[in-house]
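J.: For the sequence shown, this note's numbering begins at 533 and goes up steadily by one. Every residue, glycine too, gets a C-beta built ideally from N, C-alpha and C. The structure presented is a predicted model; accordingly, all values stated were derived computationally and were not measured. Have a look at the structure that comes next, please.
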Amino acid sequence: MTKALETPFPTFSVVTEWENVKLSDFDRARRMLKALATQLAELRPQFAARPEVIFLHDREAIDLEAVKAAVAEAFTDPDVAKLTFVATDGADYYQQKNIGVSLVDTELVVFLDSDVIPEPGWLAGLLTTFRDPSYDVVGGTTFLDLNRFSSRAFALFWFFPLEQGREGLRESRHFFANNVAFRREVIAQNPFPKLPSLRGACSILAQELMAKGHKIFINESSRVCHPPPNGVRHVLYRAMCQGHDDLVLGNLREPHKFRSAFSNALWRFQKRVRRAAKRIVLHRKEVGLGLVGTAGAAVLAVNYFLFYLVGLAISVVDRDYVPRRFPV
Numbered sequence: 533m534t535k536a537l538e539t540p541f542p543t544f545s546v547v548t549e550w551e552n553v554k555l556s557d558f559d560r561a562r563r564m565l566k567a568l569a570t571q572l573a574e575l576r577p578q579f580a581a582r583p584e585v586i587f588l589h590d591r592e593a594i595d596l597e598a599v600k601a602a603v604a605e606a607f608t609d610p611d612v613a614k615l616t617f618v619a620t621d622g623a624d625y626y627q628q629k630n631i632g633v634s635l636v637d638t639e640l641v642v643f644l645d646s647d648v649i650p651e652p653g654w655l656a657g658l659l660t661t662f663r664d665p666s667y668d669v670v671g672g673t674t675f676l677d678l679n680r681f682s683s684r685a686f687a688l689f690w691f692f693p694l695e696q697g698r699e700g701l702r703e704s705r706h707f708f709a710n711n712v713a714f715r716r717e718v719i720a721q722n723p724f725p726k727l728p729s730l731r732g733a734c735s736i737l738a739q740e741l742m743a744k745g746h747k748i749f750i751n752e753s754s755r756v757c758h759p760p761p762n763g764v765r766h767v768l769y770r771a772m773c774q775g776h777d778d779l780v781l782g783n784l785r786e787p788h789k790f791r792s793a794f795s796n797a798l799w800r801f802q803k804r805v806r807r808a809a810k811r812i813v814l815h816r817k818e819v820g821l822g823l824v825g826t827a828g829a830a831v832l833a834v835n836y837f838l839f840y841l842v843g844l845a846i847s848v849v850d851r852d853y854v855p856r857r858f859p860v
């Protein structure tokens, strides 16, 4: 047995927000919990100390008793982890994560969202990487389920990468907040920023971390599957909010690139549509779509990005209207 395998994992806590449960099927949260509990039990002999799992929830939006029942069903061994429920009333998605960081004193903080389901080996991949003290930020791979047409279609044009089945570590310029681990001192000193966008703080945080000399790595073995938007309303709201966020975050990332607000909106719309068209043509077979399914995916993509453009256009005039009227 190698020395690396004999070394216990650094102490860690898992922070799980219950914000996304409002948008997805609660059954996904149950499956996430069962997968997490199973992996914790499998890795238990390698723990330096008993980990803590923190469940963050807004009492006005989430039924705490339902959460506790699902947790109790999944975590049948009370000794596998300390289970903590924390009310975060009024806090948004990223604020909940920051609150979670403030509550832990372990070496690592692992973020796992309530609507993603870890694949076997997910937790081991993240923790094993941190046995090397040179790593500060390690994300996993997030991909869409391919169990129905909408999932296959969104996999071709949404922002998550296609599942490639790769292994190993690679350096990256970004991570997804739903599947990432940090050394606690790094994320405590560099919390998710408060931005005028609904999503995307992880990309700005990645930019800030790299500017300070921190490298970001992705462990391809740490995979989680994410659902597509849940229903027509969620699709339309998500498209408009993505348009809003692209405009706002684009100006934050590239303030030196001056464009008029109108030309900026059109440029971002065209960029998204070109990317979607290329992915649909090149990768349709990878997600199991035939010609009819590909045509359907193209129609769905066109409609999605039309509402994306609406969100962009509205945000050119009023930056606050879309997140206020169409929150996701």
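Give every residue of the same chain whose Cβ lies closer than 8 Å to the Cβ of Arg576, excluding the five residues on either side of it in the sequence, and list them in chain order.
T.: Closer than 8 Å at Cβ, skipping near neighbours: Val612.
J.: May I have the straight-line CA-CA distance separating Val546 from Asp645, to the nearest angstrom?
T.: Their Cα atoms are separated by approximately 10 Å.
J.: Is it right to say Leu841 is buried, meaning 16 or more other beta carbons lie within 10 angstroms of its own, or is it exposed?
T.: Leu841 comes out buried.
J.: Determine the closest residue to Pro540 out of Val718, Phe708, Pro665, Asp777, with distance taken between C-alpha atoms.
T.: When only C-alpha atoms are compared, the closest one is Pro665.
J.: May I ask you to report which of helix, strand or coil DSSP gives Leu814?
T.: If DSSP states are grouped into helix, strand and coil, Leu814 belongs with the helices.
J.: Just the C-alpha distance for Gly745 and Thr620, rounded to the nearest angstrom, thanks.
T.: Each residue's alpha carbon lies about 32 Å from the other.
J.: Which residues in the same chain have their Cβ closer than 6 Å to the Cβ of His706, if we skip the five residues on either side of it in sequence?
T.: Ser735, Ala738, listed in sequence order.
J.: Return the CA-CA distance between Gln578 and Phe607, expressed in angstroms with no decimal places.
T.: Their backbone Cα atoms lie some 18 Å apart in a straight line.
J.: Could you check what DSSP says for Val636 in three-state terms: helix, strand or coil?
T.: The answer is coil: DSSP assigns Val636 none of H, G, I, E or B.
J.: Using a Cβ-Cβ cutoff of less than 6 Å, which residues in the same chain neighbour Ile932 once the five nearest sequence positions on both sides are dropped?
T.: The chain is shown from 533 up to 860; residue 932 falls before or after that span and cannot be answered.
J.: Which partner residues does Val585 have in the DSSP bridge list?
T.: In DSSP, Val585 forms a bridge with Val546, Leu615.
J.: Mind pulling the beta strand (DSSP E) runs of 3 or more residues that sit fully within the segment 748–787?
T.: With a minimum length of 3 residues, the continuous beta strand (DSSP E) runs that stay inside the segment 748–787 are 748–758.
J.: Out of Lys817, His815, Asp778, Ile812, point me to the one whose CA is closest to Arg800's CA.
T.: The candidate whose alpha carbon is nearest that of Arg800 is Asp778.
J.: Pull up the DSSP beta-bridge partners for Ile649, would you.
T.: According to DSSP, which records beta bridges pairwise, Ile649 is partnered with Cys757.
J.: For Ala685 versus Pro760, is the C-beta distance shorter than 9 Å?
T.: Cβ distance < 9 Å, so Ala685 and Pro760 count as in contact.
J.: Let me make sure I understand the geometry here. Which of Arg856, Phe858, Ala829 has the alpha-carbon closest to that of Ser683?
T.: Residue Ala829 is the option with its Cα nearest to Ser683.
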